[in-house]
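In my numbering, the protein residues as written are 156 to 406.
Just so it is clear, CB atoms sit at the ideal spot from N, CA and C, and this is done for glycine as well.
First comes the structure, then the notes that go with it.
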Amino acid sequence: LSTDAAGSTTLAADITTSGDQHYGDALTLDTSPTPSPAGGVRFAGSIGGPHTLTTDAAGTTFDGTVSLAALDVQQAATINGGSVATTGSQHWGGAVALGADTTFAGSTVTFDAGVSGAHALTLNADTTLHDDINTTGAQSYGGTLTLAGDVRLTSDGSIGFTGSVTGPHALTLDATGGTNFGGAVSIASLDVLRAASLGNATITTSGAQHWRGALGLIGNATLTSTGGGLLRFDGAIDGPGALTANTAGTT
């Protein structure tokens, strides 16, 4: 199936094909459809409408912007349009490749697999991660970040958390441009491989915390291991804020 009309296409029913599906123009949802090709599906234009889009394809490519009620992409996806916005939830069931600097906005965003690409990633939603994220651009997490598995975030730029980070799992951070914590953290363990800065942050782990680079105190910060884990600082600690370290183990 291929559409490439001069105007736009309205989708009002599920579409199942034995081959690929290619939507070459702007797409408006008049219902909550499920395109189900045996191959891949590509949306070359924008997608809009107050409905839910579910895709069950070997690969889904979004070349334009997305503005919907909710989105469920059950397998791998490529994002080239730069913006995926929903008033409700987003679920990404397969690996997500970023073909452009991308902003995800919604009530919740869940990634079941990894996210990667030579671009920046912005998440303006409460986000759940099951796997690693690797980008060359900066990563920004604007809502609550929940770890549903041990996660490693890697960026050639910076990584910033303005909301809280939670979940009974380990978090490893490798940001060439440094990591900034602006909210509370409550996880199993934390390993920050490069420089970091702390606002008025409370960092709580049941296990160890390892701060391998310089640590800047922008505000007053409290670091706690509730299980008596090691609190280790390999680099310099400075800044106008105060630092409180709590553990029954070694600091």
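Less than 8 angstroms between the C-beta atoms of valine 228 and leucine 253, yes or no?
By one-based count along the sequence shown, residue 228 stands at place 73. By one-based count along the sequence shown, residue 253 stands at place 98. No, Cβ-Cβ distance for valine 228 and leucine 253 is not below 8 angstroms.
In terms of residues, what are the limits of the beta strand (DSSP E) holding threonine 359?
Taking the sequence shown and counting its residues from 1, one reaches residue 359 at position 204. Segment 357-360, the beta strand (DSSP E) holding threonine 359.
Is it buried or exposed for aspartate 281, if we count other Cβ within 10 angstroms and need 16 for buried?
In the sequence shown, the residue the question calls residue 281 occupies position 126. Looking at its Cβ environment, which holds 16 or more other Cβ atoms inside 10 Å, aspartate 281 is buried.
On the three-state DSSP scale, how would you describe arginine 349?
Translated into the one-based positions of the sequence shown, residue 349 becomes position 194. Assigned with DSSP and collapsed to three states, arginine 349 falls in coil, not helix or strand.
Three-state secondary structure assigned by DSSP to alanine 181:
For the purposes of this step, residue 181 is identified with residue 26 of the sequence shown, where counting begins at 1. Three-state DSSP puts alanine 181 in a strand.
Have a look at Ala250, Gly219, Asn335 and Gly195 and flag the residue whose alpha-carbon is nearest the alpha-carbon of isoleucine 373.
Position 218 of the sequence shown, counting from 1, holds the residue named residue 373. Among Ala250, Gly219, Asn335 and Gly195, the Cα nearest to that of isoleucine 373 belongs to Asn335.
Answer yes or no: do threonine 309 and aspartate 286 have a C-beta to C-beta separation smaller than 8 angstroms?
Translated into the one-based positions of the sequence shown, residue 309 becomes position 154. Translated into the one-based positions of the sequence shown, residue 286 becomes position 131. Result no, Cβ atoms of threonine 309 and aspartate 286 do not sit closer than 8 angstroms.
Which of helix, strand or coil DSSP assigns to isoleucine 373:
Taking the first residue of the sequence shown as 1, we reach residue 373 at position 218. For isoleucine 373, the secondary structure class from DSSP, reduced to helix, strand or coil, is coil.
Quick check on serine 319: does DSSP put it in helix, strand or coil?
For the purposes of this step, residue 319 is taken as residue 164 along the sequence shown, with counting starting at 1. Serine 319: coil per DSSP, three-state reduction.
Whether glycine 384 touches alanine 356 by CB criterion (8 angstroms):
If you number the sequence shown from 1, residue 384 lands on position 229. If you number the sequence shown from 1, residue 356 lands on position 201. No, the pair does not count as a contact, with Cβ atoms beyond the cut-off.
Please work out which residues of its chain come closer than 8 angstroms, Cβ to Cβ, to serine 121, disregarding the five sequence neighbours upstream and downstream, and give them in chain order.
Given that the chain is displayed from residue 156 to residue 406, the structure contains no residue 121 and the question cannot be resolved.
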